[in-house]
Amino acid sequence: MVITLRSSSFSQVMDVLAKGLSTEVIEKNGEVIIKLPTSSGKGKIQALRFHSGLSLLIFEVQLTEDLIIKVQQTDYHPLRLLLCKTGFLTHSVEQRHIQYRLNEFYGALSACSGNVDQIFHLPAQQPLAIFMIEIDRKYYLERLQQANGSVHSQVRELFEDTEAEYPFLYHSPYSHAAVLVLHDFERIRQYEGIVKEIYLESKSLELLSLTLHQYVNDQSIDQKGIVLREHDIEQLVKAKRHITEHYATPPSIRELARKFGINEAKLKKGYKQLFHMTVYEHVRAERMNQAKILIAEGATDIGEVVRKVGYTSGSQFAARFKEVFGYSPKHFQKKVAQSKTKFQ
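With UniProt numbering, letter number 97 in the sequence shown gets 97, and the count goes up by one each step, no holes.
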């Protein structure tokens with residue numbers, strides 16, 4: 001089965017996919033879902049377009065016949081991040097001059113040059129769980145320009161190529177941190193509407209961040225790491241889980257090291273190496289994501305949100321929120337109020 005996508009329009013892409021699979025698109029609370037009929041296989045394809053310049057497409061399917069998706073380039077030249085959780089797919093770019101197989105636990109960040117096509121080949125008769133995140137480079141270039149010199153030159157060059165002058169492919173096993181984020185997607189059942197959208201957006205951004213960080217590190221020949229044994233990884237994962245659960249009142253490094261039986265130096269270096277962020281950066285990220293969810297769930301008192309996520313200064317919280325999301329908590333409150341009408 002071959003499906004050709006000729007448009008960059010999100011809705012048209014999903015309509016064409018649904019038609020090719022002999023089914024219809026279901027729109028629910030801002031999410032677009034394609035449920036496979038028995039003639040095509042089983043499972044579903046989920047898609048969301050976020051306000052942050054990202055689109056997310058999740059294939060959780062088992063096909064009756066091979067599916068070839070041919071993406072014809074338009075004047076829109078995004079980056080595409082692929083992560084394979086279960087099964088495999090074959091991805092071809094540059095008129096098949098570049099072709100690779102994306103196996104389980106592997107990811108790939110790619111971009112085509114000019115007006116050449118990309119081909120995604122999904123095999124039949126086996127369970128597939130594949131995540132595709134599409135990144136609008138023009139949107140992110142504006143954010144990078146605001147960041148001045150704080151962005152790595154290799155990342156900046158990747159996003160500055162908005163006209164797709166150069167092909168790009170980064171293919172590598174994804175990190176243990178990315179494995180944990182992909183597992184987090186299983187929690188979406190507990191969320192609905194705009195809260196679900198925010199949760200999926202935050203996880204998509206986290207996967208993009210982890211991939212870019214890994215790409216930069218892989219280019220550095222001076223990268224020095226520490227040896228992490230299986231026990232160390234288990235304890236670091238437990239420590240990360242503990243911080244996620246206690247982000248409002250996080251333990252100190254000393255308390256965390258004592259609780260999970262790992263020395264402070266290995267905790268700090270190992271945490272950074274395994275999760276591509278420091279303990280402090282993780283606490284801040286959890287606080288911001290939870291604050292956004294609280295506001296999306298209808299919190300009207302920003303001061304109460306500030307206290308719930310562990311901040312003591314409202315101005316510091318507001319500044320951090322704007323730095324992370326690009327708008328103030330009050331502005332986001334207004335966006336939520338407007339969006340709730342859409343989801344009703």
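From the three backbone atoms N, C-alpha and C, an ideal C-beta is built for every residue, glycine too. Everything numeric in this text was worked out from a predicted model, so none of it was measured.
inquiry  = Can you check whether the C-beta of Tyr76 is within less than 8 Å of a C-beta belonging to chain B?
reply    = Absence of chain B from the displayed structure is noted, only one protein chain being present.
Practice item. Would you identify the three-state DSSP class for Val71, choosing helix, strand or coil? Key: On the sequence shown, residue 71 is found 71 positions in, with the first residue counted as 1. Strand.
Residues near Ala239 in its chain [Cβ-Cβ closer than 6 Å; skip 5 each side] | Within the sequence shown, numbered from 1, the residue matching residue 239 stands at position 239. The answer, listed in chain order, is Leu256, Phe260.
ask   = From what residue to what residue does the beta strand (DSSP E) around Ser252 run?
value = As a position in the sequence shown, residue 252 is number 252, starting the count at 1. Element bounds for Ser252: n/a, residue is neither H nor E.
Closest to Leu79 by C-alpha separation, out of Tyr199, Ile262, Val93, Ile69, would be which residue? For the purposes of this step, residue 79 is taken as the residue at position 79 of the sequence shown. Taking only the C-alpha atoms, the option nearest Leu79 is Val93.
Pull the bridge partners of His183 from the DSSP assignment, please. Position 183 of the sequence shown holds residue 183. Answer is none; His183 lacks a bridge partner.
Considering only the alpha carbon of each residue, which of Thr38, Ala164, Val61, Ala337 lies closest to Lys85? Numbered from its first residue, the sequence shown carries residue 85 at position 85. Out of Thr38, Ala164, Val61, Ala337, Val61 has the C-alpha closest to the C-alpha of Lys85.
Same chain only: Cβ atoms within 7 Å of Glu192, ignoring 5 sequence neighbours per side: For this step, residue 192 is matched to residue 192 along the sequence shown. The answer, listed in chain order, is Asn29.
*asked:* Whole angstroms are fine: how far does the CA of Gln12 sit from the CA of Lys335?
replied: Translated into the one-based positions of the sequence shown, residue 335 becomes position 335. Translated into the one-based positions of the sequence shown, residue 12 becomes position 12. Taking the straight line joining both Cα atoms gives about 26 Å.
Discussion item. Below 8 Å on the Cβ atoms is my contact criterion, and I expect Gly314 with Gly303 to pass it. Report the Cβ-Cβ distance as a whole number of Å.
Written reply: As a first step, residue 314 must be located in the sequence shown, where it is residue number 314. As a first step, residue 303 must be located in the sequence shown, where it is residue number 303. Indeed they touch by this definition, with Cβ atoms about 6 Å apart.
| message | If contact is defined by three or more beta carbon pairs under 8 Å, each pair taking one atom from either stretch, is the segment 157 to 176 in contact with the segment 110 to 130? | response | yes
Q.
On the DSSP letters alone, give me the boundaries of the beta strand (DSSP E) that Val237 sits inside.
A. Stepping through the sequence shown from its first residue, residue 237 is reached at position 237. Segment 230 to 245 is the alpha helix (DSSP H) holding Val237; no beta strand (DSSP E) there.
Straight-line gap, Asp136 to Ser175 (C-alpha atoms, nearest Å) = Against the sequence shown, residue 136 aligns to sequence position 136. Against the sequence shown, residue 175 aligns to sequence position 175. Asp136 and Ser175: Cα-Cα distance of roughly 23 Å.
Contact belief for Val151 with Leu141 at Cβ below 8 Å, rounded distance in angstroms:
Here residue 151 refers to the residue found at position 151 of the sequence shown. Here residue 141 refers to the residue found at position 141 of the sequence shown. 10 Å between Cβ atoms; not a contact.
What residue ranges within the segment 152 to 216 form continuous beta strand (DSSP E) runs of no fewer than 3 residues, ordered along the chain? 168 to 173
Host alpha helix (DSSP H) of Glu65 (start-end) | Locating residue 65 in the sequence shown gives position 65, counting from the first residue. Careful: Glu65 lies outside any alpha helix (DSSP H) and carries neither H nor E.
For Gln290, which residues from the same chain have a beta carbon less than 6 Å from its beta carbon, with the 5 sequence-adjacent residues on both sides left out?
Along the sequence shown, one-based indexing puts residue 290 at 290. Cβ neighbours of Gln290 beyond the five flanking positions: Val309.
Could you give the C-beta distance for His242 and Ala177, rounded to a whole number, given that I count them as a contact under 8 Å? The residue labelled residue 242 in the question sits at position 242 within the sequence shown. The residue labelled residue 177 in the question sits at position 177 within the sequence shown. About 16 Å; that fails the 8 Å criterion.
>> Within a Cβ cutoff of 8 Å, which residues of the same chain sit near Lys42, ignoring the five residues on either side of it in sequence?
In response: Here residue 42 corresponds to residue number 42 of the sequence shown, with the count starting at 1. These residues qualify, in order along the chain: Leu36, Val61, Gln62.
*What residues in its chain sit with their C-beta under 8 Å from that of Ser209, if we drop five residues either side in the sequence?*
Here residue 209 refers to the residue found at position 209 of the sequence shown. Contacts found: His276.
Grab the span of the beta strand (DSSP E) containing Met288 for me, first residue to last. Position 288 of the sequence shown, counted from the first residue, corresponds to residue 288. From DSSP, Met288 is part of no beta strand (DSSP E) but of the alpha helix (DSSP H) over 279 to 296.
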